[in-house]
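Residue numbers (UniProt numbering): 1 to 322.
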């Protein structure tokens, strides 16, 4: 089968399309013929081996996983004898980040708990855009943020993959949602339901004096003291992505702020979770959320796709067709 392979950390130049052996599913695995995959921040970490601490999980001197790619959508081709949830011919989607990665290939064998049935009302490309980003947004809002109906919620970095899902999920929980993005993305946020939009190129939301019950930091460079200033008395800030300095502050100062006051400052490390993916599937089928796709590339164009993605300005998701 064709696959994107790399054997050293570096820029997208280290990625090569080549022929490798088609996997054979073990007793507990599902063999999926992949139709589409998508890029997430984790793919950049996997490619570059940065930040360096990530290498303790992904391989210290060279990549532990030779085929990158986390989010996939495709069709079940075969199942191992112990698989209970799926059968050949079914359309599925999933997050492979805890199952050895391998999504940038024609086939992959993974444990069944990495997958869920694909919603029938969306395409393979749309489904591949969903798993990691949507579950990250869900876990940030619901699990870390304890979102409640009627709360004022701000999403900083609202126009990217995680951000576009966060806006829609927050609305599905009954929140009043403000999205922060650049000028060119304002209409996208309005189209997916944001109640208010702030153009960060023209104004700084941390200086406006508006207070929020929950802030999800998906991107940005504000110090966490600025986020703290924008929280209501019992508000919560959840760091999902942003600058390295911001993450360091959240991990070191966040616990102190949380212990010494009523405002909570915390960070999220997304974990693949089948039940969460099924929950997202139900929202997709009900039309309560939808993926936003910026660009689609062929598998032979993965290097170009990575270069586009690492610029950090994608409107929603970047998808790879296989």
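We treat Cβ as the ideally placed atom computed from N, Cα and C, and that holds for glycine.
For residue i, collect the residues of the same chain with a Cβ closer than 8 Å to its Cβ; drop the 5 residues on either side in sequence, then sort them by chain order.
| i | result |
| --- | --- |
| residue 211 | 152, 230, 231, 232, 235 |
| residue 205 | 154, 156, 178, 180, 198, 230 |
| residue 221 | 242, 243, 245, 246 |
| residue 28 | 80, 82, 83, 111, 112 |
| residue 7 | 14, 62, 63, 66 |
Mapping DSSP to helix, strand and coil, what is residue i?
| i | result |
| --- | --- |
| residue 248 | helix |
| residue 132 | helix |
| residue 163 | helix |
| residue 267 | strand |
| residue 50 | coil |
| residue 202 | coil |
| residue 157 | coil |
| residue 123 | coil |
| residue 41 | helix |
| residue 93 | strand |
| residue 87 | coil |
| residue 17 | strand |
| residue 235 | strand |
| residue 144 | helix |
Excluding the 5 residues preceding and the 5 following residue i in the sequence, name in chain order all residues of the same chain whose CB lies nearer than 6 Å to its CB.
| i | result |
| --- | --- |
| residue 134 | 165, 280 |
| residue 54 | 45 |
| residue 262 | 233, 234 |
| residue 140 | 216, 238, 240, 268 |
| residue 195 | 176, 177 |
| residue 49 | 9, 55 |
Within 10 Å of its beta-carbon, does residue i have 16 or more other beta-carbons around it, so buried, or fewer, so exposed?
| i | result |
| --- | --- |
| residue 118 | buried |
| residue 250 | buried |
| residue 52 | exposed |
| residue 335 | Residue 335 falls outside the range modelled here, since the chain spans only 1 to 322, and no answer is possible. |
| residue 43 | buried |
| residue 87 | exposed |
| residue 252 | exposed |
| residue 255 | exposed |
| residue 168 | buried |
| residue 267 | buried |
First and last residue of the alpha helix (DSSP H) that includes residue i?
| i | result |
| --- | --- |
| residue 308 | 302-309 |
| residue 275 | 274-285 |
| residue 189 | 186-191 |
Tell me, please, whether the CB atom of residue i is closer than 7 Å to any CB atom in chain C?
| i | result |
| --- | --- |
| residue 121 | Chain labels in this structure do not include chain C; a single protein chain is all it has. |
Starting from residue i, trace the beta strand (DSSP E) both ways and give me its first and last residue.
| i | result |
| --- | --- |
| residue 178 | 176-181 |
| residue 109 | 107-111 |
| residue 229 | Segment 224-229 is the alpha helix (DSSP H) holding residue 229; no beta strand (DSSP E) there. |
| residue 297 | 293-298 |
| residue 75 | 71-79 |
| residue 3 | 2-5 |
Return yes when the Cβ of residue j is within less than 7 Å of the Cβ of residue i, no when it is not.
| i | j | result |
| --- | --- | --- |
| residue 162 | residue 218 | yes |
| residue 276 | residue 61 | no |
| residue 23 | residue 97 | no |
| residue 73 | residue 158 | no |
| residue 240 | residue 39 | no |
| residue 125 | residue 2 | no |
| residue 320 | residue 37 | yes |
Kindly list the residues whose CB is nearer than 7 Å to the CB of residue i, restricted to its own chain and excluding five residues on each side of it in sequence; keep chain order.
| i | result |
| --- | --- |
| residue 131 | 71, 93, 94, 95, 277 |
| residue 315 | 159, 185, 188, 292, 294 |
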